[in-house]
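A.B. asks: Mind having a look at this structure? Questions to follow.
Residue numbers (the numbering used here): 109 to 485.
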C-alpha cells in the first residue's frame, strides 16, 4: 500500500509538471491595439504590451490572467507585496515555455490520432454533470467543437514532445538498492505498536462517563456515538482503529502503556486541554519490508524522478532558446529587503515559487520610458 501511494504521488507530480506548461484550450495571446510599456494614467482599459516573446506581444491583461491561474493552481495563500514580482516572473516563465513548446511540437513531426482526441474530449466532458452541460459551456464560451478538437490535438502533440524528452531513461538495480538502504527506516520500516480506538473529549466529566460505561460492558461505538457533539473533538468511529507506535504511550499517554488488549484507558489530559480515552485493539510487531518485495516499485519511483528532472531540464532549455524583451521591467523587479530584515527573511516568503534570476533570458526594451512616450504623444 505504501509503495502504491508513493508511485501514485510521483505520477501526479509528473502530470502536474506537464499540465503546468500546456497552452490553454481557449487561447492565451492578444495583439490588437496594444502599446508598449505602461499605459498612460487615465487611458481607457489600461492594457499594454508588457513583453515580447520571439517577436510576439504579451499583453498585461494576459499576464495577469496567467498569474491568477498560477495562484489558483498552486493554492498560494497569504501573498505578500514582495511576492508579486516573483509571481509575475513565474507566470512569464510559464508563458515563454508554452510558446516555445508549441513551436517545438509543430516542428516535431508528431500528430494526434482521432482516438486520442476523442478520449481527451471525453475526459473533459466527464467533468460536467451531463454532455448537454458541457456543450452549453462551449457555446457560452464561444468555442466551436472543431476549434476544441484542433486545440486538444495541439496539446496532445505537445504532451508527446514532453514525453519524448525523457525517453530511454531507466533505473538500475544498484540505484534501487541504494535508495532502499537510505530510506529503509523512513519508508519501509514499521515500529512496534498497537491499533487503537480513541476519542478526545472537551469535557473531563464526559470522558469519565464514557470510560465508566465501557468498563460496565458498553460497546465502544454505542458509548462514544452517544456523546454530545459539543463534548467530542474527534474519534475513530468513522476510520476504525489507527496505528500508534509504542513510543506514543509515554508522558501524557503513559497511563495507557500497561493496559492489555480490549481494556479502556483514560481519561488522559492532553497539552491542548482535552481528554484522551483509548482502547488497544491489536498488537503490531516491528517489521521491515524486504528489498525483494519492493525492488520493482523502488525502481519505478527512481525512474519517475529521473523523468521529472529530465522534463524540468527540457523546459529550461526551451526557455533559454527564447528571445524575451521586457517593456515593463518595474513589474518584475524584486525590491531589496531592508538591511535589518535580511537575516529574518524566511524561504517561505517566496510562496514556494522559483523564478528566473534577474535578467535571465530577458532583454531590456529599447523603448522609451512611459513618461517620455506620453510627452511624445
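Ideal Cβ positions, reconstructed from N, Cα and C, are used throughout, including at glycine. The structure displayed is predicted, hence computed values, not measured ones.
Can you tell me whether residue 464 is buried or exposed? The criterion is at least 16 other CB atoms within 10 Å of its CB, across all chains shown.
C.D. replies: One-based indexing of the chain shown puts residue 464 at position 356. Reliability fails at residue 464, whose pLDDT of 42 lies under 50, so the model's placement of it is uncertain and no value is given.
A.B. asks: Give the DSSP bridge partners of residue 386, in chain order.
C.D. replies: Your numbering for residue 386 matches position 278 in the chain shown. 306, 373.
A.B. asks: Give the straight-line distance between the Cα atoms of residue 443 and residue 415, rounded to the nearest whole angstrom.
C.D. replies: Numbered from 1 along the chain shown, position 335 holds the residue referred to as residue 443. Numbered from 1 along the chain shown, position 307 holds the residue referred to as residue 415. For residue 443 and residue 415, the distance between alpha carbons rounds to 35 angstroms.
A.B. asks: How big is the Cα-Cα spacing for residue 185 and residue 245?
C.D. replies: By one-based count along the chain shown, residue 185 stands at place 77. By one-based count along the chain shown, residue 245 stands at place 137. Going from the Cα of residue 185 to the Cα of residue 245 covers about 29 angstroms.
A.B. asks: Entirely within the stretch 224-261 and at least 4 residues each: give me those alpha helix (DSSP H) ranges in chain order.
C.D. replies: You should have 239-249.
A.B. asks: Along the chain, where does the alpha helix (DSSP H) containing residue 332 start, and where does it finish?
C.D. replies: Position 224 of the chain shown, counted from the start, is the residue given in the question as residue 332. Run containing residue 332: 328-333, per the alpha helix (DSSP H) assignment.
A.B. asks: Label residue 336 either buried or exposed according to how many other C-beta atoms from any shown protein chain fall within 10 Å of its C-beta, with 16 as the threshold for buried.
C.D. replies: Stepping through the chain shown from its first residue, residue 336 is reached at position 228. So residue 336 ends up on the exposed side.
A.B. asks: Tell me which residues share the same chain as residue 316 and place their Cβ nearer than 7 angstroms to its Cβ, disregarding the 5 neighbours each side in the sequence.
C.D. replies: Position 208 of the chain shown holds residue 316. These residues qualify, in order along the chain: 375.
A.B. asks: If we ignore side chains and look at the alpha-carbon of each, how far apart do residue 231 and residue 298 end up?
C.D. replies: Position 123 of the chain shown holds residue 231. Position 190 of the chain shown holds residue 298. The alpha-carbon atoms of residue 231 and residue 298 are separated by roughly 39 angstroms.
A.B. asks: Bridge partners of residue 399, per DSSP?
C.D. replies: Counted from its first residue, the chain shown places residue 399 at position 291. Beta-bridge pairing links residue 399 to no other residue.
A.B. asks: To the nearest angstrom, how far is it from the Cα of residue 138 to the Cα of residue 403?
C.D. replies: For the purposes of this step, residue 138 is taken as residue 30 along the chain shown, with counting starting at 1. For the purposes of this step, residue 403 is taken as residue 295 along the chain shown, with counting starting at 1. In this prediction, residue 138 scores a pLDDT of 36, lower than 50, which makes its location untrustworthy; no coordinate-derived value is stated.
A.B. asks: Classify residue 362 as helix, strand or coil using the three-state DSSP reduction.
C.D. replies: Here residue 362 refers to the residue found at position 254 of the chain shown. Residue 362 falls in the helix class under three-state DSSP.
A.B. asks: For residue 351, write down the residues that DSSP places opposite it in a beta bridge.
C.D. replies: Looking up residue 351 in the chain shown gives position 243. DSSP, once it has assigned bridges, lists 303 as partnering residue 351.
A.B. asks: Leaving out the 5 sequence neighbours to the left and right, which residues in its chain are closer than 8 angstroms to residue 331 when beta-carbon positions are compared?
C.D. replies: Here residue 331 is taken as the residue at index 223 of the chain shown, counted from 1. Closer than 8 angstroms at the Cβ level, and outside the excluded window around residue 331, lie 318, 321, 322.
A.B. asks: Which stretch, first to last residue, makes up the beta strand (DSSP E) that contains residue 164?
C.D. replies: As a first step, residue 164 is located in the chain shown; it is residue number 56 there, counting from the start. Run containing residue 164: 164-167, per the beta strand (DSSP E) assignment.
A.B. asks: Does DSSP put residue 136 in a helix, in a strand, or in coil?
C.D. replies: Along the chain shown, one-based indexing puts residue 136 at 28. Confidence is the limiting factor: at residue 136 the pLDDT is only 38, short of 50, which leaves the residue's position unreliable and the question unanswerable from this model.
A.B. asks: Taking the alpha-carbon positions, what's the residue 190 to residue 241 distance?
C.D. replies: In the chain shown, residue 190 corresponds to position 82, counting from 1. In the chain shown, residue 241 corresponds to position 133, counting from 1. So the alpha carbons of these two residues sit roughly 41 angstroms apart.
A.B. asks: Alpha carbon to alpha carbon, how far is residue 397 from residue 333? Give it in angstroms, no decimals.
C.D. replies: Residue numbering aside, residue 333 sits at position 225 when the chain shown is read from its first letter. Residue numbering aside, residue 397 sits at position 289 when the chain shown is read from its first letter. Roughly 37 angstroms separates the two Cα atoms.
A.B. asks: Looking only at its chain, what residues have a beta carbon closer than 6 angstroms to the beta carbon of residue 217, apart from the 5 residues adjacent to it on each side?
C.D. replies: For this step, residue 217 is matched to residue 109 along the chain shown. Around residue 217: no qualifying Cβ.
A.B. asks: Look at the alpha carbon of residue 211 and the alpha carbon of residue 419, and state the distance between them as a whole number of angstroms.
C.D. replies: Translated into positions along the chain shown, residue 211 becomes position 103. Translated into positions along the chain shown, residue 419 becomes position 311. C-alpha separation (whole angstroms): 17 angstroms.
A.B. asks: Once you ignore the five residues that flank residue 305 on each side, which residues in its own chain have a CB closer than 7 angstroms to its CB?
C.D. replies: The count along the chain shown starts at 1 and reaches residue 305 at position 197. Cβ within range, chain order: 328, 344, 349, 386, 387, 389.
A.B. asks: State the DSSP-derived secondary structure class of residue 188, mapped to helix, strand or coil.
C.D. replies: Taking the first residue of the chain shown as position 1, residue 188 is located at position 80. Coil, per DSSP.
A.B. asks: Between the stretch 189-205 and the stretch 159-166, do three or more beta carbon pairs fall short of 8 angstroms?
C.D. replies: Taking 8 angstroms as the limit for Cβ pairs, the verdict is that the stretch 159-166 does touch the stretch 189-205.
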